[in-house]
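Remarks on the structure that follows.
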Amino acid sequence: MTESWKEQNWSEYYQLMCGQPPHSTLLKALALFEADGIQKTKYRAVDLGCGSGNDSLELLRLGWEVVAMDREAEALGWLKAGIAPEQNKRLETIQVDFEDIQIPKVDLVNAGYSLPFCPPKIFSDLWNKICNSLEQGGRFSGHFFGIHDGYAEIPEISIQTQDAIADLFKNYDVEYLDERDQLGATIGGIQKHWHIFSLVAKKNR
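Heads up, the final residue of the sequence shown is numbered 1015 in the working numbering, and it's a clean run with no missing numbers.
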């Protein structure tokens, strides 16, 4: 399982992911923003580890301004190839590693399956940047890997316990939390054990 992750063919991955639906966590966050009933002239989101851009494309479709970040130039290329011309002015793409990320003030930080791939030694710094980028009432949507995940043995992977999740979100109202701990297939059809926390939370202070 470790080898399957380290030998990932990213070109193939982006091709397989292209055109997939947005993550359900993003859709839940967007529905919660709508339910807030707050009228704003614009909403702005950061999409951390945007991959081929399915979440960014949904945000753009709904009129959001999007800052899409990924370490792979190819990922950003897939995203830019999928946008309509009129959406270009609302999209900023940044090729950057986790350790060098600077996050602007935004209404939403979306991290679909990306934060587990942040090296543990810099996870705390990245999380502080995420929290500082959100104003009160802003939201986080994304995923974390738990201790039973098939990738948990990999030193470069960030793993979270239930207690760690609670501590990360001590200044948030957790609006949605789902834990999945079961065998399943990757997008490439490889079987692995998934232990995933899917989460949407609203910053309360």
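Don't be surprised by glycine CBs; every beta carbon is placed ideally from N, CA and C. Remember, it's a predicted structure, so these values are computed and weren't measured experimentally.
Residue closest to residue i, alpha-carbon to alpha-carbon, out of the options
i	options	result
residue 967	929, 880, 950	929
residue 949	829, 832, 993, 844	844
residue 883	877, 904, 867	904
residue 961	1003, 977, 941, 866	1003
residue 875	850, 956, 978	850
residue 942	927, 911, 974, 922	911
residue 978	1001, 996, 900, 934	934
residue 856	995, 901, 975, 994	901
residue 989	995, 975, 1001, 878	975
residue 878	922, 994, 838, 973	922
Cβ pair residue i, residue j closer than 9 Å
i	j	result
residue 944	residue 917	yes
residue 920	residue 842	no
residue 751	residue 925	Outside the modelled stretch of the chain, which goes from 811 to 1015, sits residue 751, for which no answer is possible.
residue 932	residue 858	no
residue 982	residue 938	no
residue 846	residue 998	no
residue 892	residue 872	no
residue 1007	residue 955	yes
residue 899	residue 854	no
Residue i: first and last residue of the uninterrupted beta strand (DSSP E) it sits in
i	result
residue 952	944-955
residue 835	That residue, residue 835, is in no beta strand (DSSP E); its alpha helix (DSSP H) goes 834-846.
residue 907	Note, residue 907: premise wrong, no beta strand (DSSP E); not H, not E.
residue 962	From DSSP, residue 962 is part of no beta strand (DSSP E); its letter is neither H nor E.
residue 878	875-880
Nonlocal neighbours in the same chain, by C-beta distance under 6 Å from residue i, ignoring five residues either side
i	result
residue 864	830, 832
residue 881	907
residue 940	919
residue 991	958, 1005
residue 812	With a pLDDT of 46 at residue 812, under the threshold of 50, the modelled position of this residue cannot be trusted; read the value that follows with caution. Once the five neighbours on either side are set aside, the close Cβ partners of residue 812 are 964.
residue 993	1003
Beta-bridge partners of residue i, as assigned by DSSP
i	result
residue 1007	954, 989
residue 919	856, 950
residue 969	955
residue 1001	995
residue 765	The structure shown has nothing for residue 765, since the chain only spans 811 to 1015.
residue 901	876
residue 935	Paired residue(s): none; residue 935 is not in a bridge.
The alpha helix (DSSP H) enclosing residue i, as first and last residue numbers
i	result
residue 972	972-978
residue 868	864-871
residue 890	883-892
Sequence-distant residues of its chain with Cβ nearer than 7 Å to residue i (five each side left out)
i	result
residue 984	1009, 1011
residue 957	969, 971, 1005
residue 897	870
residue 840	872
residue 860	866, 878, 879, 880, 885, 889
residue 909	932
residue 936	908, 911, 928
Proximity test, residue i beta-carbon vs the ligand GDP heavy atom, cut-off 8 Å
i	result
residue 868	The model depicted lacks the ligand GDP and carries no ligand whatsoever.
Beta-carbon proximity list for residue i, same chain, < 8 Å, skipping 5 on both sides
i	result
residue 802	This structure leaves residue 802 out entirely; the chain is present only between 811 and 1015.
residue 995	1001, 1002
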